[in-house]
Structure formats: structure tokens, C-alpha cells
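Engineer:
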Amino acid sequence: PPILRPRLGAVRGQEGKPLTVTCEVDSYPLPSRIQWKKLQEKDGVTDLVPVTNHSFAFVFFVQPQATFSAHNGVEDATMEWIDATECAGFYLCQAISPRGTDSSLVEVRIKGEYLIFWPIYLTQL
């Protein structure tokens, strides 16, 4: 099965600046695809929502537009935003291959332009 390396942990960005998150995969054969999903909470229910290359909004949250590109021959392994302002949260990178799947959770922290410290998000997983 594919193996994600290293476990992503936390990625930090700044409001108004670009942000890139890459899912590194060790696998033979290469994964057939990478799926990115974001943990969203609505009415006390947490769900994984696919990240797409177009922006959309629901009543309680906004999903900013992301672009995807290949990394080391793996399609959609890199996710990038032009403006990271609305990107904070937890994302799941899932590598899918004929031999199995592996996934890794990454926390994206976004610091405001005038903040001195990085924010801490408290979410139960």
C-alpha cells in the first residue's frame, strides 16, 4: 500500500498570502490518485468534505478555491491557495492505489497579519 511521509502534522500560513500543502507518497506502483478532504463541523456534526478546485459556500462555512498539481509523479499531491485567509482547519490527504490506501491528517494554521502568536484551534477528532 502507499505510505505517506512524513506525517504532515501542522502547516502554517498567513492571511492574504499563498499557501501550499504537499502530500509526499512512497509507493510502487504510484497511487492512482490523491484525495484531499477538509473536516467541517456543522450543528455539532463533524464531516469530511472533499476539497475541490472551485470555491463554494454553505450556510456556516466557506470552502476557498484550491488548485492542485502533481508532485513526484503523483497527481493532485500538492494543494495550493492564492489567499490562505479562509483555509484554517484540518485536512485529510488520502493516497489511493490498487494495493491499498493510506491517509494523513494535517492542521493548517493561519495567522492574521497583525497577530504575534499562531492561533490554536481546539477540535475533537
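Heads up, the sequence shown is in full-length UniProt numbering, so the first residue is 1 and it goes up one at a time. Note that beta-carbon positions come from the ideal geometry of N, C-alpha and C, so glycine has one too. All values reported here derive from a predicted model rather than from experimental measurement.
In the DSSP assignment, what are the bridge partners of Gln35?
Structural biologist: In the sequence shown, residue 35 corresponds to position 35, counting from 1. DSSP lists Gln94 as partners of Gln35.
Engineer: Measure from the alpha carbon of Asp20 to the alpha carbon of each residue in Gly89, Glu113, Thr67, then state which is nearest.
Structural biologist: The residue you call residue 20 lines up with position 20 of the sequence shown. Note that residue 20 is Thr in the sequence shown, not Asp. Of the candidates Gly89, Glu113, Thr67, the one whose C-alpha sits nearest the C-alpha of Thr20 is Thr67.
Engineer: If Val108 sits next to Gly13, beta carbons under 8 Å apart, how far is it from one beta carbon to the other, in whole angstroms?
Structural biologist: Here residue 108 corresponds to residue number 108 of the sequence shown, with the count starting at 1. Here residue 13 corresponds to residue number 13 of the sequence shown, with the count starting at 1. With 8 Å as the limit, Val108 and Gly13 qualify as a contact, their Cβ atoms being about 7 Å apart.
Engineer: Tell me the rounded alpha-carbon separation between Glu86 and Glu15.
Structural biologist: The residue given as residue 86 occupies position 86 in the sequence shown. The residue given as residue 15 occupies position 15 in the sequence shown. Each residue's Cα considered, the two are about 8 Å apart.
Engineer: On the premise that Pro18 lies in contact with Ser97, defined as a C-beta separation below 8 Å, what is that separation, rounded to the nearest angstrom?
Structural biologist: Along the sequence shown, read from residue 1 onward, the residue named residue 97 stands at position 97. Along the sequence shown, read from residue 1 onward, the residue named residue 18 stands at position 18. Between Pro18 and Ser97 the Cβ distance is about 30 Å, and since that is not below 8 Å, they are no contact.
Engineer: Check the Cβ-Cβ distances between Leu92 and every residue of chain B, and say whether any is below 8 Å.
Structural biologist: Chain labels in this structure do not include chain B; a single protein chain is all it has.
Engineer: How about Glu75 and Ile110: do their beta carbons lie closer than 8 Å?
Structural biologist: Start at 1 with the first residue of the sequence shown, and residue 75 comes out as number 75. Start at 1 with the first residue of the sequence shown, and residue 110 comes out as number 110. No, these two residues do not count as a Cβ contact at 8 Å.
Engineer: How is Ser69 classed by DSSP in three states: helix, strand or coil?
Structural biologist: The residue you call residue 69 lines up with position 69 of the sequence shown. Residue state, collapsed to three classes: strand.
Engineer: So, helix, strand or coil for Thr20, using DSSP?
Structural biologist: Within the sequence shown, the letter at position 20 stands for residue 20. Of the three classes helix, strand and coil, the one that applies to Thr20 here is strand, per DSSP.
Engineer: Could you check where the beta strand (DSSP E) with Asp49 kicks off and where it finishes?
Structural biologist: As a working note, residue 49 is residue 49 in the sequence shown. According to the sequence provided, residue 49 is Val. The question's Asp does not apply to it. Counting along the chain, the beta strand (DSSP E) containing Val49 begins and ends at 45-50.
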